[in-house]
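**Q** The structure under discussion is supplied below as structure tokens; questions concerning it will follow.
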Amino acid sequence: MSSQQVVLQVIYPPSAASSFNMDYYLNSHIPMVKKRWGPQGLQSCIVTTGAKDAGYYVQTTLVWENMTSLENVKDADVVREDVKNFTDIPPYRWVGIVAYQG
Numbered sequence: 106m107s108s109q110q111v112v113l114q115v116i117y118p119p120s121a122a123s124s125f126n127m128d129y130y131l132n133s134h135i136p137m138v139k140k141r142w143g144p145q146g147l148q149s150c151i152v153t154t155g156a157k158d159a160g161y162y163v164q165t166t167l168v169w170e171n172m173t174s175l176e177n178v179k180d181a182d183v184v185r186e187d188v189k190n191f192t193d194i195p196p197y198r199w200v201g202i203v204a205y206q207g
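The sequence shown begins at 106 in our numbering and counts up one residue at a time.
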């Protein structure tokens, strides 16, 4: 199973809207994530904002080479520590194995 792509979704709830610094998130945090984790198996990153009544404010989808890459990632503490620079609302995190992509 370790050869299948894995998705980590980081989801900020609607309550984050009032305190979320999108400029910092897109121009500092995400580039840092890609720079640190790209060489460790991060393949792509998609940031979306929720439409009206979507149930979330920001959703970031991180696609990993496989579960081993995600489980062994280094610098997770550095990335988590940076969250305080763009919001004070903790995100939800979900991990899933890609069953189909087309």
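From the three backbone atoms N, C-alpha and C, an ideal C-beta is built for every residue, glycine too.
#1: What's the call for residue 154, buried or exposed, on a 16-neighbour Cβ count within 10 Å?
#2: Given a threshold of 16 other Cβ atoms within 10 Å of its Cβ, counted over all protein chains shown, does residue 109 qualify as buried or as exposed?
#3: So residue 165 is in the beta strand (DSSP E); what residue range does that whole segment cover?
#4: Report the residue from 187, 172 and 123 whose alpha carbon sits nearest the alpha carbon of residue 146.
#5: Cutting at 8 Å between CB atoms, please list the residues of its own chain near residue 174, excluding the five before and the five after it.
#6: Could you check where the beta strand (DSSP E) with residue 149 kicks off and where it finishes?
#7: Quick one: residues in its chain with C-beta nearer than 6 Å to the C-beta of residue 120, no 5 flanking neighbours on either side, listed in chain order?
#8: Are there 16 or more other CB atoms within 10 angstroms of the CB of residue 136, so buried, or fewer, so exposed?
#9: Ordered along the chain, which non-local residues of its own chain (more than five positions away) have a Cβ less than 7 Å from that of residue 180?
**A** Judging by the given coordinates:
#1: exposed
#2: exposed
#3: 163–169
#4: 172
#5: 111, 145, 146 and 147
#6: 147–154
#7: 194
#8: exposed
#9: 141
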